[in-house]
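According to the working numbering, the stretch in the sequence shown is residues 1 to 134, in order.
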Amino acid sequence: GLESSAPVIRIERLGTIADEPVTLLTAYLPTDICPGLVHAPLDGASLYAYLEGECGVRFVRASSRLEVVFADPKQAGLLRVKEGHPLIRLEGTSYTESGRAGEFTSLEYVHERFQFTIESYRDDANQRTLIAAR
Numbered sequence: 001g002l003e004s005s006a007p008v009i010r011i012e013r014l015g016t017i018a019d020e021p022v023t024l025l026t027a028y029l030p031t032d033i034c035p036g037l038v039h040a041p042l043d044g045a046s047l048y049a050y051l052e053g054e055c056g057v058r059f060v061r062a063s064s065r066l067e068v069v070f071a072d073p074k075q076a077g078l079l080r081v082k083e084g085h086p087l088i089r090l091e092g093t094s095y096t097e098s099g100r101a102g103e104f105t106s107l108e109y110v111h112e113r114f115q116f117t118i119e120s121y122r123d124d125a126n127q128r129t130l131i132a133a134r
């Protein structure tokens with residue numbers, strides 16, 4: 001939903017469990033959604049908590065796609081796997097309360113180090129799916 005020349009903030013994070021890398025996250029957010037984010041101290045902190053607490057931005061919905069990809073040289077080095085190792089990629093867009101697309105994320109997970117649980121709910125008012133990762 002952005003102009004091709006609109007400035008964005010790119011955040012890259014490496015997720016670890018017990019000092020073992022398990023996921024890579026790359027997030028893109030429009031700069032105007034939270035200008036202070038450029039200099040925010042996010043090391044180990046929740047991006048969403050910062051956005052909500054400091055900028056009043058609250059994401060309430062996301063649309064995501066899950067696929068298998070193969071580790072490129074950079075991903076392999078960071079995740080300590082061989083190049084070409086299968087990874088689970090979760091890519092998606094998060095939307096604010098006003099309906100604005102405010103974040104695009106791509107996460108690559110080492111499949112042996114993660115488990116996904118998908119729960120789907122349906123009622124007359126709406127349909128929703130919850131994906132929880134451990």
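Built from N, CA and C at the ideal position, the CB exists for glycine as well.
Please read all numbers here as calculations on a predicted model, not as lab measurements.
Which of helix, strand or coil DSSP assigns to residue i
{"i": "A62", "result": "strand"}
{"i": "R13", "result": "strand"}
{"i": "E3", "result": "coil"}
{"i": "E97", "result": "coil"}
{"i": "V57", "result": "coil"}
{"i": "E83", "result": "coil"}
Limits of the beta strand (DSSP E) - the one that residue i falls within
{"i": "E20", "result": "E20 to P30"}
Bounding residues of the alpha helix (DSSP H) (the contiguous stretch that carries residue i)
{"i": "L78", "result": "P73 to L79"}
{"i": "G44", "result": "G44 -> no alpha helix (DSSP H), and no H or E assigned at all."}
Distance CB(residue i)-CB(residue j) smaller than 9 Å
{"i": "R58", "j": "E97", "result": "yes"}
{"i": "T105", "j": "E119", "result": "no"}
{"i": "E52", "j": "A71", "result": "no"}
(message) Below 8 Å, how does it come out for the region 108 to 116 and the region 82 to 93: are there three or more Cβ pairs, yes or no?
(response) yes
(message) With three or more beta-carbon pairs closer than 8 Å as the criterion, would you say the region 15 to 25 touches the region 63 to 82?
(response) A contact exists between the region 15 to 25 and the region 63 to 82.
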